[in-house]
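S.K.: In my numbering, the protein residues as written are 12 to 160. I have a structure here, written as C-alpha cells, and I will follow up with some questions on it.
Written out as C-alpha cells, the structure reads:
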C-alpha cells in the first residue's frame, strides 16, 4: 500500500468570507480558487483550503461543527529560519491588527514561538529553533524512547 502524502490542510469554517479576509489581508496568503462554500490559497508546500461548515455537510453528508468550539482542536505550525524572524513576524502581524495570545516567547523545547487564533477555531504557531535544534529526536534505528522535556 502506498503511504499517504498530505497535500492539503482544509479548515472547516463557519464564516467563509471572514476567513478568506483573514488569510489574505492578515496573514498574506494569495487566493487561488473560490467556489460556493470553498476557497484555497496559492503558496509553497501544503495547500491551505477552507470549506464552509454548512456547505460541506450539505454536499457530502460530512457532519461539521457549526457552533463556536470551547477550545482549539487543530494547530498549524510554521517554522521560521531564526528566533529573530519570530519577532519580525510578530511586528508585521501586529501592523495588520492580528491578535495574539501573548508576545513572542522562549520555550523549554529550545524554540522561540508566537501563538494566535485563526477565524476557523484553529491555533497557529510560528516557531524557530535556537542553536542545537530540536530536542527529543528519536533514533529510529535503535527504538529509543524520546527525551522528556
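Quick reminder that beta carbons are idealized off the backbone N, C-alpha and C, glycines included. Given the structure is predicted, the values throughout are model-derived calculations rather than measurements.
In the DSSP assignment, what are the bridge partners of residue 41?
M.R.: DSSP, once it has assigned bridges, lists 53 as partnering residue 41.
S.K.: In chain order, what are the residue ranges of uninterrupted alpha helix (DSSP H) at least 4 long that sit wholly in the region 69–114?
M.R.: Counting whole runs of 4 or more residues, the region 69–114 contains the alpha helix (DSSP H) stretches 94–106.
S.K.: Please name the residue, chosen from 139, 107, 120, 70, that lies closest to residue 32 on a Cα-to-Cα basis.
M.R.: Minimum Cα distance to residue 32 is reached at 107.
S.K.: Excluding the five sequence neighbours on either side, which residues of its own chain have a C-beta within less than 6 Å of the C-beta of residue 101, listed in chain order?
M.R.: Only 115, 125 meet the Cβ criterion.
S.K.: With 16 other CB atoms within 10 Å as the buried threshold, where does residue 135 fall?
M.R.: Buried, because 16 or more other Cβ atoms sit within 10 Å of the Cβ of residue 135.
S.K.: What three-state label does DSSP hand residue 17 in the structure shown?
M.R.: The answer is coil: DSSP assigns residue 17 none of H, G, I, E or B.
S.K.: Determine, using beta-carbon pairs with one atom in the region 88–104 and one in the region 47–62, whether at least three such pairs fall under 8 Å.
M.R.: Output reads no: the region 47–62 does not touch the region 88–104.
S.K.: Only counting the same chain, and skipping five residues up and downstream in sequence, which positions put a Cβ closer than 6 Å to that of residue 60?
M.R.: Contacts found: 19, 21, 51.
S.K.: Short of 6 Å in beta carbon distance, which residues of its chain neighbour residue 99, apart from the five on each side in sequence? Order them along the chain.
M.R.: Around residue 99: no qualifying Cβ.
S.K.: Let me know the secondary structure DSSP gives residue 34 once reduced to three states.
M.R.: Helix.
S.K.: Would DSSP call residue 117 helix, strand or coil?
M.R.: Residue 117 falls in the strand class under three-state DSSP.
S.K.: Residues in its own chain within less than 7 Å of residue 122 by CB, not counting five upstream and five downstream?
M.R.: Excluding sequence neighbours, residue 122 sits near 138, 139, 140, 141.
S.K.: Quick one: residues in its chain with C-beta nearer than 7 Å to the C-beta of residue 44, no 5 flanking neighbours on either side, listed in chain order?
M.R.: 50, 51.
S.K.: Tell me the rounded alpha-carbon separation between residue 145 and residue 16.
M.R.: Looking at the two C-alpha atoms, the distance is approximately 23 Å.
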